[in-house]
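Novice: Counting in numbering that gives the first Met the number 0, the sequence shown runs from 0 upward without gaps.
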Amino acid sequence: MSVATPAPPAPNRSAANRLLLDVRGIRKRYGSTVALAGVDLAVEPGTIVGLLGPNGAGKTSLVSIVAGLRRPDAGTVCIGGVDVVRDPERAQRLVGLAPQDTGVYLTITVRDNLRFFAGLAGLRRRELQRRVDGTAAALGLADLLGRRASDLSGGERRRLHTAIALVHRPRLVLLDEPTTGADVRTRGEILALVRSLAEDGSAIVYSTHYLHEIEELQAEVAFIDCGRIVARGGLDDLIAQHGASALELSFDGPVPAAARVEGSIVHSSSVRIPSPDPAGTAARLLPRLGADASTLRAVEVARPSLEAVFRSVTGRRYDERTSESLP
Ligand SMILES: Nc1ncnc2c1ncn2[C@@H]1O[C@H](COP(=O)(O)OP(=O)(O)O)[C@@H](O)[C@H]1O
Ligand SMILES: [Mg+2]
0 MSVATPAPPA PNRSAANRLL LDVRGIRKRY GSTVALAGVD LAVEPGTIVG LLGPNGAGKT
60 SLVSIVAGLR RPDAGTVCIG GVDVVRDPER AQRLVGLAPQ DTGVYLTITV RDNLRFFAGL
120 AGLRRRELQR RVDGTAAALG LADLLGRRAS DLSGGERRRL HTAIALVHRP RLVLLDEPTT
180 GADVRTRGEI LALVRSLAED GSAIVYSTHY LHEIEELQAE VAFIDCGRIV ARGGLDDLIA
240 QHGASALELS FDGPVPAAAR VEGSIVHSSS VRIPSPDPAG TAARLLPRLG ADASTLRAVE
300 VARPSLEAVF RSVTGRRYDE RTSESLP
């Protein structure tokens, strides 16, 4: 039995009007690779959505389509009620994107990078100056404004890259793995800024493969896997719903009948048995396996966490060191 989350019902008109981001039925393939297999995602102002998923899940494809950089094969994206495909210029003024790969102009200064991108977003003169200074201060770049971008450290460059996405105070902020390769200070500053942007009413889509960042941000969760949103909701709700403690058994081959107890969730060669006392459950269950015990590969206790949510909905483990999901 799989516990994939059903697609949410289409929001009614007044709810849809409140959404800053309204993504429906997005599909995208590259040749024979299906990157997005029908994604719906609704984000309200003032919320942070952690777009969480292993490498290759489709995060960058989705973020790029929302930003208008790639065209979907099917589906619609509305930002503040503006359709990204039909009215890209208006939509793009509402969006700030920090792509996964850092893009800053290396031969000019930090100040000129920020001025250039603020100017592209339509800011002028004093307002532009104010935003450049304010954003630089928030990301610890105030003392580096006169430095050429080529002479920044990796962490400083990461901060400039993030500052460029935020300098025009976009209503929708898209950050694609903003802390990958970042030092501790940079990471802290980015997370703090994301929180303050949400408090000011922006909507933030924050893609990452680090589960703990979402726990730290207390963000809403959109788990993406193989091009589909497999779980969506508040962090605490999802953990309460799917992430409760459990006993997990993996087998070489199919799960034997004796391990398919009531309430268990079976995924091809593994079974998850929710239990407030997983060790006690193991002590009772394992002797009942009899000869089938020889096919047992692993016995594990899953504690309530986002990682347990991922396991529960996909049947696979989430390894963020390699950011790949393991069988
Ligand atoms: N330009 C591209 N051409 C071909 N395949 C691509 C391209 N971009 C992404 N893909 C594939 O689409 C899938 C989703 O990739 P991506 O959106 O980059 O995922 P993520 O950002 O979650 O790692 C992967 O299988 C990836 O190899
Ligand atoms: Mg990516």
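For every residue, glycine included, the Cβ atom is placed at its ideal position computed from N, Cα and C.
Are there any heavy atoms of ligand 2 lying less than 7 Å away from the beta-carbon of K27, as far as the coordinates show?
Specialist: Taking the sequence shown and counting its residues from 1, one reaches residue 27 at position 28. Incorrect: K27 has no Cβ contact closer than 7 Å to ligand 2.
Novice: Return the first residue and the last residue of the beta strand (DSSP E) that P273 is part of.
Specialist: Translated into positions along the sequence shown, residue 273 becomes position 274. 269 to 273 is the span of the beta strand (DSSP E), which, as asked, contains P273.
Novice: Whole-angstrom Cβ separation of H266 and G314, contact assumed at under 8 Å?
Specialist: As a working mapping, residue 266 is identified with position 267 in the sequence shown. As a working mapping, residue 314 is identified with position 315 in the sequence shown. Confirmed, about 3 Å.
Novice: Is the beta carbon of T32 within less than 7 Å of some heavy atom of ligand 1?
Specialist: Numbered from its first residue, the sequence shown carries residue 32 at position 33. Within the cutoff, so yes.
Novice: Could you check which residue in L122, R259, V220 has the C-alpha nearest to that of H241?
Specialist: The sequence position of residue 241 within the sequence shown is 242, counting from 1. Nearest of L122, R259, V220 to H241, Cα basis: V220.
Novice: My output table needs one value for I189: the three-state DSSP class, helix, strand or coil.
Specialist: Translated into positions along the sequence shown, residue 189 becomes position 190. Note: I189 maps to helix in three-state DSSP.
Novice: Using beta-carbon positions only, say whether L159 and V109 come within less than 8 Å of one another.
Specialist: Here residue 159 corresponds to residue number 160 of the sequence shown, with the count starting at 1. Here residue 109 corresponds to residue number 110 of the sequence shown, with the count starting at 1. Result yes, Cβ atoms of L159 and V109 sit closer than 8 Å.
Novice: Please classify H211 as buried or exposed, where buried requires at least 16 other C-beta atoms within 10 Å of its C-beta.
Specialist: Here residue 211 corresponds to residue number 212 of the sequence shown, with the count starting at 1. So H211 counts as exposed.
Novice: Under 8 Å by Cβ, that's how I've got T294 and L246 pegged, so tell me the actual separation to the nearest angstrom.
Specialist: Taking the first residue of the sequence shown as 1, we reach residue 294 at position 295. Taking the first residue of the sequence shown as 1, we reach residue 246 at position 247. 17 Å between Cβ atoms; not a contact.
Novice: Skipping 5 residues on each side, what residues in its chain have a beta carbon closer than 6 Å to that of P44?
Specialist: Counting from 1 along the sequence shown, the entry for residue 44 is found at position 45. Result list for P44: L19, G200, A202, in chain order.
Novice: My understanding is that I47 touches Y209, with C-beta atoms under 8 Å, so please give their C-beta distance in whole angstroms.
Specialist: Along the sequence shown, read from residue 1 onward, the residue named residue 47 stands at position 48. Along the sequence shown, read from residue 1 onward, the residue named residue 209 stands at position 210. Going by Cβ atoms, the distance from I47 to Y209 rounds to 14 Å, so no, they are not a contact pair.
Novice: Kindly examine ligand 2 and report whether one of its heavy atoms sits closer than 7 Å to the Cβ of D175.
Specialist: Here the question's residue 175 lines up with position 176 in the sequence shown. Correct: D175 has its Cβ closer than 7 Å to ligand 2.
Novice: Please report the straight-line C-alpha distance between S152 and K58, rounded to a whole angstrom.
Specialist: To locate residue 152, count along the sequence shown from 1; it is residue 153. To locate residue 58, count along the sequence shown from 1; it is residue 59. Looking at the two C-alpha atoms, the distance is approximately 27 Å.
Novice: Which first and last residues belong to the alpha helix (DSSP H) in which E215 is found?
Specialist: Sequence index remark: in the sequence shown, residue 215 carries index 216 (1-based). Run containing E215: 210 to 216, per the alpha helix (DSSP H) assignment.
Novice: Using DSSP's beta-bridge definition, name the partner residues of A221.
Specialist: Translated into positions along the sequence shown, residue 221 becomes position 222. Answer by DSSP bridge pairing, in chain order: L50, R231.
Novice: Out of G52, R89, V94, A36, which one is the CA nearest neighbour of G74?
Specialist: Walking along the sequence shown from the start, residue 74 turns up at place 75. It is A36.
Novice: If you draw a straight line from the C-alpha of R157 to the C-alpha of L174, how long is it?
Specialist: Along the sequence shown, one-based indexing puts residue 157 at 158. Along the sequence shown, one-based indexing puts residue 174 at 175. One C-alpha to the other measures close to 11 Å.
Novice: According to DSSP, simplified to helix, strand and coil, what is I163?
Specialist: Start at 1 with the first residue of the sequence shown, and residue 163 comes out as number 164. In this structure, I163 counts as helix in the three-state DSSP scheme.
Novice: Is A56 a contact residue of ligand 1, with contact defined as CB to any heavy atom under 7 Å?
Specialist: Within the sequence shown, numbered from 1, the residue matching residue 56 stands at position 57. Checking the Cβ of A56 against ligand 1 gives yes.
Novice: What residue ranges within the segment 31 to 86 form continuous alpha helix (DSSP H) runs of no fewer than 4 residues, ordered along the chain?
Specialist: Those alpha helix (DSSP H) runs which fall completely within the segment 31 to 86 and span 4+ residues are 58 to 65.
Novice: Look at the alpha carbon of S60 and the alpha carbon of R85, and state the distance between them as a whole number of angstroms.
Specialist: Position 61 of the sequence shown, counting from 1, holds the residue named residue 60. Position 86 of the sequence shown, counting from 1, holds the residue named residue 85. Rounded to whole angstroms, S60 to R85 spans 19 Å at the Cα level.
Novice: So what's T178 in DSSP terms, helix, strand or just coil?
Specialist: The residue labelled residue 178 in the question sits at position 179 within the sequence shown. Here T178 sits in coil by DSSP.
Novice: Here's a check: name, in chain order, each residue in its chain whose Cβ is nearer than 7 Å to the Cβ of A117, leaving out the five neighbours to either side.
Specialist: Working through the sequence shown from its first residue, we reach residue 117 at position 118. Cβ neighbours of A117 beyond the five flanking positions: L127, R130, V131, V166, H167.
Novice: In its own chain, which residues sit with a C-beta less than 7 Å from the C-beta of L325, not counting the 5 before and 5 after it?
Specialist: Walking along the sequence shown from the start, residue 325 turns up at place 326. Note that L325 scores a pLDDT of 45, beneath 50, so its modelled location is shaky; the value from the coordinates is reported in the next line. Around L325: R315, R316, D318.
Novice: Spatial neighbours of R23 within its chain, please: C-beta separation below 7 Å, excluding the five flanking residues on both sides.
Specialist: In the sequence shown, counting from the first residue as 1, residue 23 sits at position 24. Result list for R23: D39, G74, T75, in chain order.
Novice: What's the gap between the Cα of R146 and the Cα of T178?
Specialist: One-based indexing of the sequence shown puts residue 146 at position 147. One-based indexing of the sequence shown puts residue 178 at position 179. Roughly 22 Å separates the two Cα atoms.
Novice: Rounded to the nearest angstrom, what separates L96 and G121 at their Cα positions?
Specialist: Counting from 1 along the sequence shown, the entry for residue 96 is found at position 97. Counting from 1 along the sequence shown, the entry for residue 121 is found at position 122. The alpha-carbon atoms of L96 and G121 are separated by roughly 16 Å.
Novice: According to DSSP, simplified to helix, strand and coil, what is V265?
Specialist: Along the sequence shown, one-based indexing puts residue 265 at 266. Strand, per DSSP.
Novice: For G67, which residues from the same chain have a beta carbon less than 7 Å from its beta carbon, with the 5 sequence-adjacent residues on both sides left out?
Specialist: Stepping through the sequence shown from its first residue, residue 67 is reached at position 68. Correct list, in chain order: V83, P87, A90, Q91.
Novice: Name, in chain order, the residues that DSSP records as bridge partners for R26.
Specialist: Locating residue 26 in the sequence shown gives position 27, counting from the first residue. Paired residue(s): A36, A73.
Novice: Closer than 7 Å to a non-hydrogen atom of ligand 1 - does that hold for the CB of G52?
Specialist: Sequence index remark: in the sequence shown, residue 52 carries index 53 (1-based). Under cutoff, so the answer is yes.
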